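According to my numbering, the sequence shown is numbered sequentially starting from 18.
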Amino acid sequence: MVDHSKNTVYLITGANRGIGLALVSRLSTRPSTTVIATTRAFTTLSPFDSITPTHPALPSPPSSTTPNPTSPLPLYPPSVFDTSEEDYRNDFEVNTLGPIRLFKAVWGFLEEGGRGKGGKFVVVGSSVGSIGGLATPEGEVEGGMLVCGSYGVSKAGVQWWVVKLRAELKVRYAQQGGGEEGEGKGQVVVGVVHPGWVKTDMGQGLADAVGFEAGPPLSVDESAQGVIEQIDKLTMENSGQFWRWDGGVLPW
Numbered sequence: 018m019v020d021h022s023k024n025t026v027y028l029i030t031g032a033n034r035g036i037g038l039a040l041v042s043r044l045s046t047r048p049s050t051t052v053i054a055t056t057r058a059f060t061t062l063s064p065f066d067s068i069t070p071t072h073p074a075l076p077s078p079p080s081s082t083t084p085n086p087t088s089p090l091p092l093y094p095p096s097v098f099d100t101s102e103e104d105y106r107n108d109f110e111v112n113t114l115g116p117i118r119l120f121k122a123v124w125g126f127l128e129e130g131g132r133g134k135g136g137k138f139v140v141v142g143s144s145v146g147s148i149g150g151l152a153t154p155e156g157e158v159e160g161g162m163l164v165c166g167s168y169g170v171s172k173a174g175v176q177w178w179v180v181k182l183r184a185e186l187k188v189r190y191a192q193q194g195g196g197e198e199g200e201g202k203g204q205v206v207v208g209v210v211h212p213g214w215v216k217t218d219m220g221q222g223l224a225d226a227v228g229f230e231a232g233p234p235l236s237v238d239e240s241a242q243g244v245i246e247q248i249d250k251l252t253m254e255n256s257g258q259f260w261r262w263d264g265g266v267l268p269w
């Protein structure tokens, strides 16, 4: 059970649609909670209008302070035989370097998380970036069908980075006298959560690309609720797992 007796601050990137917007909507109903929602483009703030009347604690939509750094990404580049270097660069810029830049920007704030503890930094991962999953016989078949070459590489990259970051943080905190499991003050927990195959524009794009007529199995609300549950349960001890939205574990 999570203690909400003191204010908890959530910073959500990509909050203007899909899973990000659902996370904002759900978290903003929690007591003693501040939600900071960000979007890459100033022109995509309109979805927040539907949340504000329902949750009066939310302020007016913020103004943009940073220009949109990249052009829109193609939903699903072709196979690795046809994926261009530009596709790889674009996906890597957003999915790999984006979270890395964000962590460097908020790292100091997370260590001052209050309540005698640091904060949590959670990356939305993807089973498409699971190298262990792709190496199984089932994964080889699925991997041969999915048209996600550059996307998978970029997700595998950021997921590796989180595991590496976690290892360095454990050593850092052990040297500071907090023990390997990170029980002391100001210690940041990092993790990865796979949100599932969700009924978003991107999820439907994949279904269309592979001819899956039933479409993605999860609603954005189901996914967001599951992601929040995994974030609530995340500790230094269990952060070494690649969590699914439903509490299951994926191979790295």
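Here a beta-carbon is modelled for each residue, glycine too, at the ideal position from N, C-alpha and C. Small disclaimer: the values here were computed from a predicted structure and weren't measured.
Once you ignore the five residues that flank residue i on each side, which residues in its own chain have a CB closer than 7 Å to its CB?
{"i": "V145", "result": "L163, C165, Y168, G169 and K172"}
{"i": "V354", "result": "Beyond the ends of the chain as shown, which are 18 and 269, falls residue 354; an answer cannot be given."}
{"i": "Q258", "result": "V266"}
{"i": "E128", "result": "G135, G203 and V205"}
{"i": "R118", "result": "none"}
{"i": "G196", "result": "With a pLDDT of 46 at G196, under the threshold of 50, the modelled position of this residue cannot be trusted; read the value that follows with caution. Correct list: empty, nothing qualifies."}
{"i": "S143", "result": "K172 and H211"}
{"i": "L235", "result": "G213, W214, V215 and K216"}
Go through its chain and collect everything with a Cβ distance to residue i's Cβ below 6 Å, but skip five positions before and after it.
{"i": "W260", "result": "V210 and Q247"}
{"i": "F120", "result": "F138"}
{"i": "Y105", "result": "S167"}
{"i": "V179", "result": "V140, V207 and V209"}
{"i": "S147", "result": "L267 and P268"}
{"i": "T30", "result": "T55"}
{"i": "G264", "result": "none"}
{"i": "V52", "result": "Y27, V41, L44 and S45"}
Would you mind giving the Cβ-Cβ distance between residue i and residue j, rounded to the nearest angstrom? I have them listed as a contact below 8 Å.
{"i": "G243", "j": "W262", "result": "3 Å"}
{"i": "S256", "j": "R189", "result": "Not confirmed; about 14 Å, so no contact."}
Determine, using beta carbons only, whether residue i and residue j come nearer to each other than 8 Å.
{"i": "V207", "j": "F109", "result": "no"}
{"i": "L28", "j": "V123", "result": "yes"}
{"i": "P212", "j": "V141", "result": "yes"}
{"i": "V26", "j": "A32", "result": "no"}
{"i": "T113", "j": "G174", "result": "yes"}
For residue i, does the count of other Cβ atoms within 10 angstroms reach 16, so buried, or fall short, so exposed?
{"i": "Q176", "result": "buried"}
{"i": "D249", "result": "exposed"}
{"i": "G115", "result": "buried"}
{"i": "D99", "result": "exposed"}
{"i": "P84", "result": "Low confidence applies here, because P84 scores a pLDDT of 43, under 50, leaving its location unreliable; read the following figure in that light. Exposed, since its Cβ has fewer than 16 Cβ neighbours within 10 Å."}
{"i": "N24", "result": "exposed"}
{"i": "K273", "result": "The question about residue 273 has no answer, for the chain in this structure spans 18 to 269."}
{"i": "A54", "result": "buried"}
{"i": "A241", "result": "buried"}
{"i": "I245", "result": "buried"}
Note the first and the last residue of the continuous beta strand (DSSP E) segment covering residue i.
{"i": "L278", "result": "No information on residue 278 is available, as it lies outside the stretch 18 to 269 that the chain covers here."}
{"i": "G142", "result": "No beta strand (DSSP E) contains G142, which DSSP labels as neither H nor E."}
{"i": "A54", "result": "T50 to A54"}
Tell me the residue span of the alpha helix (DSSP H) that contains residue i.
{"i": "R43", "result": "G35 to L44"}
{"i": "R261", "result": "Segment F259 to R261 is the beta strand (DSSP E) holding R261; no alpha helix (DSSP H) there."}
{"i": "G203", "result": "Per DSSP, G203 belongs to no alpha helix (DSSP H) and is neither H nor E."}
{"i": "Q176", "result": "G166 to Q192"}
{"i": "A152", "result": "It is not in any alpha helix (DSSP H) - A152 carries neither H nor E in the DSSP assignment."}
{"i": "N112", "result": "Where N112 is concerned, there is no enclosing alpha helix (DSSP H), given that its DSSP letter is neither H nor E."}
Using a Cβ-Cβ cutoff of less than 8 Å, which residues in the same chain neighbour residue i once the five nearest sequence positions on both sides are dropped?
{"i": "F126", "result": "G136"}
{"i": "R43", "result": "D238, A241, Q242 and I245"}
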